[in-house]
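Numbering follows our numbering, with no gaps: position 756 of the sequence shown is 743. Built from N, CA and C at the ideal position, the CB exists for glycine as well. For reference, the structure is listed below as structure tokens.
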Amino acid sequence: MSNGAQMLATLRAHRPLLLACEAIGWLHMAGKLHRDFLRDHGGAGVQYDDLDWLNSVRPPLPWDDKLSWLLGQKRPWHKAFSSRWPGTLTDFVRKHRGRDTGLLALLQAAHGMAAGIEKNVPKATSQYLGQDTTHMWLASPFGHPVRNLLNDPPPLLEPGGWRELLDRMEKLLDELATLGSSAAPDAQPWWEWRQSAIGPRGWVRQAFLSTLAETRLPNNDVTLWDQSYVAAALFKSAVAGAVLAGDAFTWDNQLKQQTCWRVLTVGFGTRHYEARAVKIGDWVGARRDIERFFEQVRRLIEVDLAVGSLVYRDDEILAFTFPGQRADGKGGLDDQQAKTLQGAIQQEVDRFAQDAELETPPLCNLSEKSTRSFVPMVAELRQLREKLAVPVHRNWTVEGRGTTQAAGARHVCPVCLVRFNQPPKEAESDNARKSYPCSVCRERRRGRLDAWLAGEEDTIWISEVADTNDRVALLSLSFDLEPWLDGTHVDSLRAQSIAEWRRFNPVLEEYWKRDPDQRKRVDNPVREDGSFASFLEVAVHELEEAEKAGGKLDGSNLLFSNLQEGYRHEAQRGTKWKDYFGLIVEDRAPEENVRWSDSDLRQNAYWLAHQLFRKLPSPGRLHRFWRTAEGFFDELLVRFREISSVHENRWRTRRLLLEPSQSSGSNGYQNRETYLGHWRGAPFEVVYLEDKKAFVTICNLARCLEPHETGDALVRDSQQSPILLKGDDQREEELKVKSVSTPDGIGTYAPVIPLDRSPQRFRVLVPLDRATACIEAAVAKWREEFARVWDRMPLRIGVVAFPRLTPFQAVIEAARNLEDALSRDELETWRVAECRTREGVTALSLQHARGQELVLVPTRLPDGREDVFYPYVQVENREMRWPRDFQHPQGQTYRHVADLRPGDGVLVHASRMAAVFLDTTARRFEPPEIRPLGDFDRMQAVWELLVRHAPSVTALRGAWMEIEERSRAWRDPDGRWLPGAEPQWIDITRAILRNRLGISGAALETLVEAATRGTLEWALEWHLTWLKEGLEGART
């Protein structure tokens, strides 16, 4: 099939089949949703078979009957697939862990990729990793305990939860059958059905998210949803590949091992729209259009063509599963067919962008190689971002409205820069005419009103965000997620500790034989200390012996048989070590140059030791990394709303509907136009709504009204002295308010504006006076949830504080400059000064170039066992000193935090913070000062110390000014201290603080040290200049 249009038509004709296969993928592990699955694995003494759940429910779920429509002879796929279905459709549930042929084999391949990779450890030798019913924990992929599922069960695991779930599954399959039996070509009903099941609030998603796919430690970090969703996505894409390949597809018993996939990425240069925005409405409106565009792309790939499913998303890129070619090249979607299909999809995506009148082209990429891992996806994301850095990276023509100059004086749109603008007749000056956007950009700017009027919780008006001092803060929080997605940081996590495995398996045996008396047993050849070095010695010896015997796996080798479930099966097939190495190492390693070496058996042993004991970057786990980072920012937004809405004046989060008197607005008001004036000395902004013949306030009313006042004060004052308002045309209108009321649906708001939310970055506007509390909440949440990986999952925070009327372009440019400076990920060496472990927490005192940090790392699991899976750090010295030390094949050595000693050098991806106050827009060009994230806590502590001891703000400002004057006078033009000046400056600073503020003793020495590190200056600038706080308290 070489024609792109024909391939699209074929996929659409097979849409019911492909989406039914996806639904089978969602539900094929549904047996694990029963409470008894956890109780059985938790040692409660119940017998439960999660593969036979269809037969154990009463009344039984008629799975075969519900899906029987798939077997109809009039189906477009009947001829090609009639002999490919399993004996019964329930085999998709009962046999998904087996090895068969046909469509069942494709599900088995998908399941093996998503879930089977986690179960490569023999059950008999990993029993010590099990959890019991008292502590059946679901953890985050970064080791943070989330929920004890049996002691604090989600609704699914409550009595009655299973029956309700079965009823909903039956209804889902009924709806699927109804859609599948319909001849309607419209994809919209399919999209709605799918979203109701697995969308953000879909019941399938929520149920499967609430429980485990694997109960053993440390694989309790992947939810049943992560595995089921990824397996369904891969199954759907594999079947789509079979549909497109037709007779060229090879249906043999090797499908489980040979099936591969590609990754399809669709990118769009979102950040160019952000950089061009003149007003905040330009960016919010453009972002809304881009979100709609992304949703159209998702509908096309996931439902209309049903060729793949979304496995990653950020603000610029969508990544989908896509059919691949078999590993042995004997079937599947070949490279030429894949490129043809990609080209056809690109044309569809281009059409979406043109219909949305977007000024830059989207980009559709396909991974070069078919693979059995998601690890190469990150390389695809990087390549796509590099291309998207150029706004018009390929031929693209902007057509439609505003692209030709009509009669009259028109200028180029100041927002999009590619269309002619459309100034109103009332615009009198040339500057006013130039400032108007084109019709497309104006609609984007005003289109956000529709969502606002529908009752969005967050405001869209920056005038409502501004605090009492008319100031706003843009907070930018970011993670570097890519090293987790490409497997680099996963290298530091353990699936098993060699020492623990050796301790619980002193004797190795043929556990697969049912009769214990018939089992061969040997002492574990790894030394009792269970060190990495001792295991490596044994592994090298085994490879040397195998080489002498022809390089084949030795089925009698109990070491590897007790470590990896598939070893003995591969040995029975006569597999060679080189090929086994490819399965265990090459398929699962992020490094492209990892290959078996005939001349370096020790290096081969290194890679085997590394892969057999590390946590694996399985597709389900990578999906969980993405979701966890995204969820972190989603939860922070909820918290920021709460923090920003806290105010002693109830009018802070209220709006009023103002009915103007008949004598107001002699020239008439424009519908949906904003008007700015002043009332009681504060900015007063409103928007006019023609359908209501009234205004709605869009400003911080707490600056105008006292808590005890009502809106009648506005009526009274405006009748006595009309409020003068100006619109975009700068004409002045009088406003006299006749009556006030609460506007329907939009009477209250949260004073925050989310600008960007993706797994890697979160930008939000908050009142400047609430920024401190928001930052503290973010840091506290990060320290709690990422404590075990603090050195590999840094949080970077940028703060741009600015007056409300600062041009938005300057604010965004300042934010991007901060983000660029913060993202320069230079690996730092921190030196251990002290390490103490008590009550399951290791306290590390670490010294670095900017000072000292205290880091608290949990080293105990909730059930009391020591955490030997997550809290490892990369150390400077590559020598392995302790039994739990392990070494990456490329030389990096990792050490458990509890084994660190004073003097050890720890390599850290540091969390940082940078902040700037745009008192002038030129400030954005100044290089920011990058500080350790811990400096924010220290800065706050310094301020609280000053609040307790400083006699007045005047004295504090005087001391600050004198200290700064001395500092500037004793430095050269480059900011370096003059010879011998720094010690004298420190002495003078001590004297100034003592004499001007009356501070002495330990408090004085603390402030002097803060002055030498720059923390004192930051505290004074933040609180006195930016927040305009007094000394009544450290919080206002």
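Going by DSSP, Y857 is part of no beta strand (DSSP E) at all; its letter is neither H nor E. In this chain, the beta strand (DSSP E) harbouring F749 covers 748 to 754. Residue pairing by DSSP places R847 opposite E853 in a beta bridge. Note that the C-beta distance between R911 and E800 is below 7 Å. If the five residues before and after R275 are omitted, its C-beta is found closer than 7 Å to the C-beta atoms of G434, R435, all from its own chain and listed in chain order. Annotation: N206 is outside any beta strand (DSSP E) and is labelled neither H nor E by DSSP. Scanning R750, P647, G851 for the CA closest to the CA of S726 turns up P647.
Taken atom to atom, the span from the alpha-carbon of A441 to that of Y423 is near 27 Å. Here F682 has L645, V673, Y675 as same chain residues with Cβ atoms under 6 Å from its own Cβ, once five neighbours each way along the sequence are excluded.
S810 carries a coil assignment under DSSP once its states are collapsed to helix, strand and coil. In this structure, A264 sits near F795, with a CB-CB distance shorter than 7 Å.
Within the same chain, and ignoring the five residues on either side of K243 in sequence, the residues whose Cβ sits closer than 7 Å to its Cβ are R86, A92, Q95, A96, G99. The C-alpha of R637 lies about 12 Å from the C-alpha of Y736.
A Cβ-Cβ distance of about 10 Å is found for the pair L809 and A897, leaving them out of contact under the 8 Å criterion.
Burial is judged here by how many other beta carbons sit within 10 angstroms of a residue's own beta carbon; R825 has fewer than 16 and is exposed. G985 is the residue among E289, I447, S465, G985 whose C-alpha sits nearest the C-alpha of L943. If the five residues before and after P919 are omitted, its C-beta is found closer than 6 Å to the C-beta atoms of R837, all from its own chain and listed in chain order. Remark: C-beta atoms of L152 and L48 do not approach each other more closely than 7 Å. Note: V893 is bridge-paired with W817, V862 in the DSSP secondary-structure output.
With the rule of 3 Cβ pairs closer than 8 Å, the stretch 219 to 227 counts as touching the stretch -9 to 10.
Just so you know, the alpha carbons of L76 and P349 end up roughly 41 Å apart. For A306, no alpha helix (DSSP H) segment is defined; the enclosing uninterrupted segment is the beta strand (DSSP E) at 304 to 310. Counting only unbroken stretches of 3 or more residues, the beta strand (DSSP E) elements lying wholly within the stretch 256 to 301 are 297 to 300, in sequence order.
Boundaries around L353 are those of the beta strand (DSSP E), 350 to 353, since no alpha helix (DSSP H) includes it. Assigned with DSSP and collapsed to three states, C822 falls in strand. Annotation: R359 to R338 spans about 32 Å, alpha carbon to alpha carbon. Per DSSP, the beta-bridge partners of T661 are V674. Looking only at T846, R667, F620, A830, the smallest Cα-Cα distance to R783 is reached by F620.
The Cβ-Cβ distance between F281 and L297 does not fall below 7 Å. In the DSSP assignment, D566 falls within the unbroken alpha helix (DSSP H) covering 564 to 568. In the DSSP annotation of this structure, G117 is not part of any beta strand (DSSP E), being labelled neither H nor E. When only Cα atoms are considered, G311 and D321 end up about 7 Å apart. Only buried fits W448, as 16 or more other CB atoms lie within 10 angstroms of its CB. Per the coordinates, the alpha-carbon of R770 lies some 30 Å from the alpha-carbon of W488. Residue environment: T198 is assigned as buried (16 or more neighbouring CB atoms within 10 Å of its CB, all protein chains considered). Across the structure, V724 and R703 are spaced so that their CA atoms are roughly 8 Å apart.
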